[in-house]
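What follows is one structure encoded as structure tokens, with my remarks underneath.
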Amino acid sequence: MQKLTDCYELYNGVKIPCIGYGTWKTPDSAAEKAVLDALKIGYRHIDTAAIYGNEQSVGRAIAGSGVHRSDIFLTSKLWNHDQGYENTLKAFHESLKKLQTDYLDLYLIHWPIVKGHEHDWQIMILETWQAFEKLYQEKYIRAVGVSNFMIRHLRPLLDHCRIAPMVDQIELHPGLNHVDTVEFAHKNNIVVEGWSPLAHGDIFRMPELQRMSEKYSKSIAQICLRWALQKQILPLPKSVKPDRIKENALIFDFALSDGDMELLNELPQVLDTLGADPDKSIY
1 MQKLTDCYEL YNGVKIPCIG YGTWKTPDSA AEKAVLDALK IGYRHIDTAA
51 IYGNEQSVGR AIAGSGVHRS DIFLTSKLWN HDQGYENTLK AFHESLKKLQ
101 TDYLDLYLIH WPIVKGHEHD WQIMILETWQ AFEKLYQEKY IRAVGVSNFM
151 IRHLRPLLDH CRIAPMVDQI ELHPGLNHVD TVEFAHKNNI VVEGWSPLAH
201 GDIFRMPELQ RMSEKYSKSI AQICLRWALQ KQILPLPKSV KPDRIKENAL
251 IFDFALSDGD MELLNELPQV LDTLGADPDK SIY
């Protein structure tokens with residue numbers, strides 16, 4: 001990868017830009033300007049979700065950006081209370097309306113286990129996935145995938161689906177490698193996206209990252225994003241500050257050494273994710 005718009009290729013041939021602009025925890029009031037800033041800087045991959053509450057602002061930004069819709073890779077996600085076949089179809093079209101578009105480049109199941117379905121979550125996932133396959137076959141979605149799925153969640157889906165997931169978006173950063181899940185995904189031709197690639201800012205307190213920042217004359221954020229890229233992970237950095245949005249895109253003029261990659265790979269792994277545990281139902 002040499003520039004912001006270079007792409008990974010999904011197994012169906014769809015190309016996905018190698019860095020995405022994330023909008024998690026970006027309030028609706030700030031999302032429109034932030035996405036406009038990201039598109040002006042050169043991002044062409046925008047990630048949102050129904051639960052973020054900012055799809056309308058994201059849609060306005062894309063519509064008003066002057067960038068052709070076909071040049072933007074747009075992702076949204078289905079939230080838990082909308083899982084199930086009919087609910088999924090309804091929720092999807094509501095997202096399309098809010099985003100002012102007639103298709104999505106990528107649609108993800110946001111969470112593996114729905115509250116109240118802890119014992120039959122696999123049935124719920126497969127029913128939901130049937131709706132995803134229908135939308136994909138009808139060309140409303142160019143690619144389908146999941147979010148926060150570990151190996152134990154991916155296996156039953158892979159065993160019973162007609163169209164395999166193309167993306168798995170998981171929390172991933174130095175100190176939380178998810179090595180087994182990443183290897184499993186790559187073996188099954190699933191591109192891994194890393195949300196919260198800067199560990200909610202916790203990463204900035206790590207002395208190893210501080211030393212690397214000085215060594216490479218790069219910010220700690222840039223070190224973390226470069227680490228992800230060199231691991232063939234697609235990072236989704238998020239900021240509402242234009243200078244930070246731009247900084248997060250400037251990671252193509254240096255490379256981490258093998259030794260520094262190994263050092264970051266071997267950082268002590270956090271016991272719990274900074275987000276919720278994917279094995280626990282939420283909402």
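The UniProt record's numbering numbers the first residue of the sequence shown as 1 and each following residue consecutively. Glycine included, each C-beta is placed from N, C-alpha and C at the ideal position. Note that the coordinates shown come from a computational prediction; the quantities given were computed from them, not determined experimentally.
query, result
"Cα separation between S219 and K33?", "24 Å"
"In angstroms with no decimal places, state the Cα-to-Cα distance between E9 and P268.", "32 Å"
"Which residues in the same chain have their Cβ closer than 6 Å to the Cβ of L271, if we skip the five residues on either side of it in sequence?", "Unreliable placement is indicated for L271, whose pLDDT of 44 sits below 50; the coordinate value is still reported in the next sentence. Cβ within range, chain order: n/a, list empty."
"Since K15 sits in a beta bridge, which residues does DSSP pair it with?", "E9"
"Grab me the residues of W79's own chain with a C-beta within less than 8 Å of its C-beta, minus the 5 sequence neighbours each way, in chain order.", "A49, A50, I51, A91, H110, W111 and Y283"
"Starting from the C-beta of Y136, find all residues in its chain whose C-beta is less than 7 Å away, skip the five residues before and the five after it, and write them out in chain order.", "V144 and I163"
"For chain D, find out if any of its Cβ atoms is closer than 8 Å to the Cβ of S65; answer yes or no.", "Chain labels in this structure do not include chain D; a single protein chain is all it has."
"How about S70 and L39: do their beta carbons lie closer than 8 Å?", "no"
"When burial is assigned at 16 or more other CB atoms within 10 Å of the CB, is P197 buried or exposed?", "buried"
"Using a Cβ-Cβ cut-off of 8 Å (strictly less than) and excluding sequence neighbours within five positions of L256, which residues of its own chain qualify?", "M212, Y216, I223, R226, W227, Q230 and L264"
"Indicate whether T181 and M206 have their beta-carbon atoms separated by less than 8 Å.", "no"
"On the CB-based measure, 16 or more other CB atoms within 10 Å of its CB, does P174 come out buried or exposed?", "buried"
"For S76, which option in V67, R155 and Q100 has the closest C-alpha, if you only look at C-alpha atoms?", "Q100"
"Taking the alpha carbon of V167 as the reference point, which residue from I251, K98 and P17 has its own alpha carbon closest?", "P17"
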